Amino acid sequence: MNKSFDVVIVAGGLSARMGFDKLSAFLGERTVLTRAIAPFLTLPYVKKIIVVTNNDSLDLPGHVVFCPAGETRSLSVLSGLTQVTAPYVMIHDGARPFVTVDLIDRLCKAAEEKGSAVPYISVTDTLRRIKGEKELCDRDEYALLQTPQVFLSDELKKAYSLSEGKSETDDSALYEKHIGPCHYVPGDFANKKITRPEDLFSTGTLVGTGFDLHRLVPGRALRLGGVTVPHSLGEEAHSDGDAPIHALMDALLTAASLPDIGHLFPDSDPAYKNIDSTLLLKDVVKRIRALNREILSADIAILLEKPKIAPYLADMRRVLSDILGIASEKVNVSATTTEKIGLIGENKAVAALAVASII
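Using the working numbering, you'd call the opening residue of the sequence shown number 668 and step up by one each time.
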């Protein structure tokens, strides 16, 4: 991006339809508002994040600027605009926690070219007018608007000054009334707004599975779940061969619809020779968070005949929960044998199965 952008996060609503403060509700390990802010924190072209709220108990990063909210959404945006100094401004609803870096990038690029960018999604349900003249509407003529909406800062400030305090639920409406037509950009169906209690329980939890198997050979360390287990044999692999972590990584990547570890960390790349798999897991976690997704839980079953690894399972849980950024009770690691059947039963291999959930 050639220009700089400020962001106004509107977080002053009363949550009347929720019955409680929806912005402080948790989705995974983070609140709705924290997730709504998170992608903007990673973007170098975002110079200032302004949160408009009357809640002074929010736990947010120190460099976020706070502004008092007004009685209406329009007055709250106007309050935030007083702190805007960048050439461009994004207005985003604090109740949209699923915004992604990809959507923000597309909108900002479009705004640099066109002067504004408003994300929309198509109407997929049947649309009928139920007041006045009741009739079916052509849904192809309508769209649902989302945030963030991006404008030249001076133009949006002018639109708000000309509105004389009249309330609007959408910034593009004021812009088109006082400045000119907006440029519309395809949005993201996942970028939903949390409005009702049921929205918190229908937020698209994703589940993935993973599997890994390695031969056991002399002269290698036995690495399981980020822990070195004393044994005469270890995994034969390009990396350290940590089968539980490899299975977990594939489970996470599958849940997020990302390429598997064979594509991301190929065994043809010398950079991954004997690498500690915890470093690869940290990379996967970063990729998940770049999608503004949160890891909810992980379960790993290790299949190994020898040695007995029960004394090491707690250490594995601790290592993995620290890397995943979730409580240890949301990470489970178990172990079993194959009753001396097959390669694993003959102590010639170790395998792991993993299931992970993200939101």
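The beta-carbon is built from N, C-alpha and C at its ideal position, and this holds for glycine as well. Every value quoted in this text rests on a predicted model; they were computed, and no experiment measured them.
Cβ-Cβ distance between residue i and residue j below 8 Å
{"i": "T720", "j": "F733", "result": "yes"}
{"i": "L944", "j": "D966", "result": "The identity of residue 944 in the sequence shown is Ser, whereas the question assumes Leu. In this structure, D966 does not lie closer than 8 Å to S944 by Cβ."}
{"i": "R795", "j": "K860", "result": "no"}
{"i": "N959", "j": "S906", "result": "no"}
{"i": "P1060", "j": "I771", "result": "Outside the displayed range of the chain (668 to 1026) lies residue 1060, so it cannot be described from this structure."}
{"i": "D917", "j": "G877", "result": "yes"}
{"i": "V756", "j": "D837", "result": "no"}
{"i": "G892", "j": "L971", "result": "no"}
{"i": "I758", "j": "V675", "result": "yes"}
Local Cβ density within 10 Å of residue i, reported as buried at 16 or more and exposed below that
{"i": "E738", "result": "exposed"}
{"i": "N858", "result": "buried"}
{"i": "F693", "result": "exposed"}
{"i": "V874", "result": "exposed"}
{"i": "A938", "result": "exposed"}
{"i": "S804", "result": "For the sequence presented, residue 804 should be read as Cys rather than Ser. It counts as exposed."}
{"i": "F856", "result": "exposed"}
{"i": "V1017", "result": "buried"}
{"i": "D760", "result": "buried"}
Bridge partner(s) assigned by DSSP for residue i
{"i": "A1019", "result": "D879 and I969"}
{"i": "P885", "result": "L900"}
{"i": "F707", "result": "Its beta-bridge partners do not exist; DSSP assigns none."}
{"i": "E802", "result": "R796"}
{"i": "F693", "result": "T698"}
{"i": "Y851", "result": "V785"}
{"i": "V766", "result": "Note: V766 sits in no beta bridge, so no partner."}
{"i": "L891", "result": "V894"}
Cutoff 8 Å: residue i Cβ touching any chain C Cβ
{"i": "T945", "result": "Among the chains of the structure shown, chain C does not appear; only one protein chain is present."}
Selected residue, minimal CA-CA separation from residue i, among the options
{"i": "I962", "options": "Y979, L915 and H898", "result": "L915"}
{"i": "I1025", "options": "L925, G886, M757 and R887", "result": "L925"}
{"i": "V998", "options": "A1021, T1004, L829 and K1007", "result": "A1021"}
{"i": "S995", "options": "R985, A1002 and T1003", "result": "R985"}
{"i": "L700", "options": "K689, L710 and Y842", "result": "K689"}
{"i": "V952", "options": "Q750, H913, R887 and H730", "result": "H913"}
{"i": "V751", "options": "V713, V766, E779 and E808", "result": "V713"}
Exercise for the section: Give, in chain order, every unbroken run of the beta strand (DSSP E) that is at least 3 residues long and sits entirely within the segment 943-1012. Expected result: 962-970 and 998-1003
Problem - beta strand (DSSP E) runs wholly inside the segment 810-858, at least 3 long, in chain order - result: 810-812, 816-819 and 851-853
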